[in-house]
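Everything below concerns the one structure shown next.
There are 2 protein chains.
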Amino acid sequence: MSNPKVLPLIAPESGAVAPCCPPLTERPFTAEEAETAARMFRALGDPVRLRLFSAVASHEGGEACVCDISDVGVSQPTVSHHLKKLKDAGLLTSERRGTWVYYRVEPSVLASMGKLLAVAPAAA
Amino acid sequence: MSNPKVLPLIAPESGAVAPCCPPLTERPFTAEEAETAARMFRALGDPVRLRLFSAVASHEGGEACVCDISDVGVSQPTVSHHLKKLKDAGLLTSERRGTWVYYRVEPSVLASMGKLLAVAPAAA
DNA sequence: ACAAACCATCGACGGATGTCGAAACACGCG
DNA sequence: CGCGTGTTTCGACATCCGTCGATGGTTTGT
């Protein structure tokens, strides 16, 4: 498919993480930074998506087939819908291998969000 | 006011942080954990709220008057609306001192969210 | 070729959410 | 007490979002 709408939350090929924004406590966010960061938080702001993401993230090998994580209390199309949202937000990537589609987490985005929430060590 | 709807995201008087959930990578979230954590992420999932939160968090003294952070491009009632949401989510607290109302961040919640996103050190 | 399993897309529906103006409330001051 | 300033609440509106059943596409096996 090669989805063209995927959001460039990170620099794809850079070795170091390229965080979108400074820590929340460093300075007031600009409108652009807020827009970018809010997309990530919103992607995790749904219980079903959070369960799916956690299921993938904690699955052995760092990846999971859809059939392994579909038991979250909603219909199969809804699961697919949420996985697409997580993918569009840059939090997951997907790959088809034969019959199954495997999702895996994008660790650099996770790290980027973690830095956002890093508590400033008493700045100033 | 003593809002009765404030969510008990953390144990209020405990010295140590009482995180709602394990790291996302540790094991699949239960429905309850997902519900709780999603509330926090959703609260930060709006650009205006993120700017307001960042403005408070980065303000000198760790607190800010509403009048200091109201310049985010929306009307003043909307600012108040978003501040209430952040407060209901447990991310901010408010206190009236004379004419002005001051908001400050709840650092333990920030730390709790940071732990959620902690990248597992290559488990297995 | 056909059937079955897995997954994605489509179209529709109801409820949640962001936004505003107007009005109400709280406080300090003259 | 009355006024001005700062902040919240109210009511209304448009839009977004999560959910479903039905359908379509892709791959494997018979």
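Chain order of the listed sequences is A and B.
What the first sequence shows, in the numbering used here, is residues 791 to 914, in sequence order.
What the second sequence shows, in the numbering used here, is residues 791 to 914, in sequence order.
C-beta atoms are modelled at their ideal positions from N, C-alpha and C, and glycine is treated no differently.
Neighbours of E825(A) in chain B, taken as residues whose beta carbon is under 7 Å from its own, are P837 in chain order. Against chain A, the beta carbon of S870(B) has no neighbour under 7 Å; the closest one sits roughly 18 Å away. Chain A places a beta carbon closer than 8 Å to that of A821(B), counting this residue as a contact. Taking C-beta atoms as the reference points, V856(B) and V862(B) fail to come closer than 8 Å. Residue-level contact by beta carbon holds for R841(B) and chain A, with a gap shorter than 8 Å.
As for any alpha helix (DSSP H) of minimum length 4 sitting wholly inside the stretch 801–845 of chain B, the runs are 821–833, ordered along the chain. Beta-bridge partners of L900(A) (DSSP): none assigned. Using a C-beta cut-off of 8 Å, the stretch 808–825 of chain B makes no contact with the stretch 807–819 of chain A, since fewer than three inter-stretch Cβ pairs fall below that distance. Taking a beta-carbon distance threshold of 8 Å, E853(B) does not count as an interface residue toward chain A. The residue from S865(B), L907(B), G888(B) and F831(B) with its alpha-carbon nearest to that of A901(A) is L907(B). Listed as beta-bridge partners of C855(A) by DSSP are Y892(A). Within chain B, no residue has its beta carbon less than 7 Å from that of R894(A); the closest one is some 12 Å off. Shown here, L907(A) sits in coil according to DSSP, grouped into three states, outside any helix or strand.
Residues of chain A with a Cβ closer than 9 Å to the Cβ of T883(B) do not exist; the shortest Cβ-Cβ separation is about 16 Å.
Burial is judged here by how many other beta carbons sit within 10 angstroms of a residue's own beta carbon; R832(A) has at least 16 and is buried. In the DSSP assignment, S884(B) falls within the unbroken beta strand (DSSP E) covering L882 to R887.
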